[in-house]
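Colleague: Let me give you the structure first, and then I'll get to my questions.
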Amino acid sequence: MHTPTERPQPTLARASWAVFQKDLRAELRTRYALNALVMFALATVLMVSINLGSQLLGSEPLTPLVNAVLLWIVLFFAALTGMARAFVQEETAQTAALLRLHAPPLAVLIGKWLFNTLLLAGLTILTTLTFGLLMSLHVGNLPLLLVVLGLSSLGLATTTTLIAAIIAQANVRSALFAPLAFPVLLPLLVIAVQTTDLAFSGAAWNQALANVQLLVAYVLLTAASTMLLFPLVWEA
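Residues in the sequence shown are numbered consecutively from 0, following numbering that gives the first Met the number 0.
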């Protein structure tokens with residue numbers, strides 16, 4: 000008499016990659032988040048460059064701090080525009096229960112985080128290049144700028160992934176995302192603006208080391224908190 004064999008469970012890496020591929024295929028098919036991110040970022044950067052064009056042509060160019068603030072305002076609100084849908088599509092398509100059945104919570108988290116990180120990386124590159132070209136931006140310390148953009152994008156992706164999971168089942172999810180995300184992301188934004196200002200100004204690494212360490216600490220803290228809280232949120 001033959002006994003039925005249990006289907007082997009996929010490894011965490013395989014399950015995470017499957018969730019990432021599913022989200023990537025869905026986004027390439029609809030391009031909702033991608034179009035929203037790109038259009039918002041480009042429109043905002045263009046509007047800023049047009050409104051500040053008279054200052055750029057004058058004798059007093061914008062200071063590195065003002066440029067840093069403007070850049071992160073664009074990046075922050077563009078990220079909020081697209082990241083809120085990380086889990087919404089599962090609820091609207093009624094595939095959340097199926098995903099809970101076939102993938103462990105940590106795999107869902109990693110897969111969604113990878114997808115959000117990819118979106119944010121593309122957004123950051125596009126926005127920074129466009130902003131730099133239109134604003135005639137001078138970067139004094141390019142490696143430092145790349146580090147702060149990379150670490151800040153990781154922090155943004157981690158935090159927004161968890162918040163998107165929290166609000167996914169709410170009726171007014173779009174109205175909840177920004178108020179919940181802003182207090183958590185405020186420390187990251189403050190440090191990112193300060194460090195970007197140092198990068199634009201050409202500061203030495205020893206001047207920015209404390210800020211870089213704070214960014215690393217923020218990323219590690221939010222990653223650990225998200226890994227602890229996400230299973231409770233996802234299985235609620």
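We put the CB at the ideal spot given by N, CA and C, even for glycine.
In this text, all values refer to a predicted model and were calculated from it rather than measured experimentally.
Is the beta carbon of W71 sitting closer than 8 Å to the one on L213?
Modeller: Reading the sequence shown from its first residue, position 72 is the one you call residue 71. Reading the sequence shown from its first residue, position 214 is the one you call residue 213. No. Outside cutoff.
Colleague: Assign E89 to one of two classes, buried (16 or more other C-beta atoms within 10 Å of its C-beta) or exposed (fewer than that).
Modeller: One-based indexing of the sequence shown puts residue 89 at position 90. Under this definition E89 is a buried residue.
Colleague: Going straight from the alpha carbon of L155 to that of G149, what length do you get?
Modeller: Counting from one through the sequence shown, the residue named residue 155 turns up at place 156. Counting from one through the sequence shown, the residue named residue 149 turns up at place 150. Distance between the alpha carbons of L155 and G149 is about 10 Å.
Colleague: Under DSSP, the alpha helix (DSSP H) around N10 begins and ends at which residues?
Modeller: Residue mapping note: residue 10 aligns to position 11 of the sequence shown, counting from 1. The sequence given here places Thr at residue 10; Asn does not occur at that position. No alpha helix (DSSP H) holds T10; DSSP gives it neither H nor E.
Colleague: Between which two residues does the alpha helix (DSSP H) holding R84 run?
Modeller: Within the sequence shown, the letter at position 85 stands for residue 84. Segment: none, R84 is in no alpha helix (DSSP H) and carries neither H nor E.
Colleague: If you check the beta carbons only, do T158 and A180 fall under 8 Å apart?
Modeller: The residue you call residue 158 lines up with position 159 of the sequence shown. The residue you call residue 180 lines up with position 181 of the sequence shown. Yes; because the gap between Cβ atoms is below 8 Å, this pair is in contact.
Colleague: Measure the alpha-carbon distance for R30 versus F114 and round it to whole angstroms.
Modeller: In the sequence shown, counting from the first residue as 1, residue 30 sits at position 31. In the sequence shown, counting from the first residue as 1, residue 114 sits at position 115. Taking the straight line joining both Cα atoms gives about 13 Å.
Colleague: Figure out for me which residue from I162, P186 and L185 has the closest Cα to the Cα of L175.
Modeller: Residue numbering aside, residue 175 sits at position 176 when the sequence shown is read from its first letter. Closest option to L175, Cα to Cα, is I162.
Colleague: Kindly indicate which residue of P186, F86 and A77 has the alpha-carbon position closest to the one of K21.
Modeller: Position 22 of the sequence shown, counted from the start, is the residue given in the question as residue 21. Looking at the Cα atoms, F86 is the closest of the given residues.
Colleague: What is the DSSP secondary structure of S152, reduced to helix, strand or coil?
Modeller: Residue mapping note: residue 152 aligns to position 153 of the sequence shown, counting from 1. S152 falls in the helix class under three-state DSSP.
Colleague: Indicate whether A32 and R99 have their beta-carbon atoms separated by less than 8 Å.
Modeller: Translated into positions along the sequence shown, residue 32 becomes position 33. Translated into positions along the sequence shown, residue 99 becomes position 100. No, Cβ-Cβ distance for A32 and R99 is not below 8 Å.
Colleague: Looking at A102 and A14, is the spacing between their C-beta atoms short of 8 Å?
Modeller: Indexing the sequence shown from 1 puts residue 14 at position 15. Indexing the sequence shown from 1 puts residue 102 at position 103. Yes, Cβ-Cβ distance for A14 and A102 is below 8 Å.
Colleague: Considering only residues of the region 125-213, which uninterrupted alpha helix (DSSP H) runs meet the minimum length of 4 residues and lie entirely inside it, listed in chain order?
Modeller: Here the runs fully enclosed are 141-166 and 172-200.
Colleague: Among L185, P9 and L208, which one has its Cα closest to the Cα of T221?
Modeller: Here residue 221 refers to the residue found at position 222 of the sequence shown. The shortest Cα separation from T221 among L185, P9 and L208 belongs to L185.
Colleague: By how many angstroms is the C-alpha of L141 removed from the C-alpha of N210?
Modeller: Here residue 210 refers to the residue found at position 211 of the sequence shown. Here residue 141 refers to the residue found at position 142 of the sequence shown. Roughly 16 Å separates the two Cα atoms.
Colleague: Less than 8 Å separating the beta-carbons of T80 and A35?
Modeller: For the purposes of this step, residue 80 is taken as residue 81 along the sequence shown, with counting starting at 1. For the purposes of this step, residue 35 is taken as residue 36 along the sequence shown, with counting starting at 1. Yes; because the gap between Cβ atoms is below 8 Å, this pair is in contact.
Colleague: If you compare alpha carbons, which of E234, M46, T43 and P63 is closest to S202?
Modeller: Taking the first residue of the sequence shown as 1, we reach residue 202 at position 203. For the sequence presented, residue 202 should be read as Ala rather than Ser. Looking at the Cα atoms, P63 is the closest of the given residues.
Colleague: Apply the 10 Å Cβ neighbour rule to M46 and answer buried if 16 or more other Cβ atoms are within range, or exposed otherwise.
Modeller: Mapped onto the sequence shown, residue 46 falls at position 47. It is exposed - the Cβ of M46 has fewer than 16 other Cβ atoms within 10 Å.
Colleague: Check whether the Cβ atoms of D196 and A12 sit closer than 8 Å, and answer yes or no.
Modeller: Looking up residue 196 in the sequence shown gives position 197. Looking up residue 12 in the sequence shown gives position 13. Their beta carbons are not under 8 Å apart, which means D196 does not touch A12 by this criterion.
Colleague: Ignore the nearest five residues each way along the sequence and tell me which others in F229's own chain have a CB closer than 7 Å to its CB.
Modeller: Start at 1 with the first residue of the sequence shown, and residue 229 comes out as number 230. Within the same chain, F229 has close Cβ partners P104, L108, L161 and A164.
Colleague: Going by the CB atoms, is the gap between S152 and A120 shorter than 8 Å?
Modeller: What you label residue 120 is simply residue 121 of the sequence shown in a count that begins at 1. What you label residue 152 is simply residue 153 of the sequence shown in a count that begins at 1. Yes, the Cβ-Cβ distance between A120 and S152 is below 8 Å.
Colleague: Going by beta carbon distance, what residues of the same chain come within less than 6 Å of F19, once the five residues before and after it are set aside?
Modeller: Translated into the one-based positions of the sequence shown, residue 19 becomes position 20. Hits under 6 Å: G110, L113 and F114.
Colleague: Out of L227, Y217 and M38, which has the shortest C-alpha to C-alpha gap to V73?
Modeller: Against the sequence shown, residue 73 aligns to sequence position 74. V73 has its Cα closest to that of M38, out of L227, Y217 and M38.
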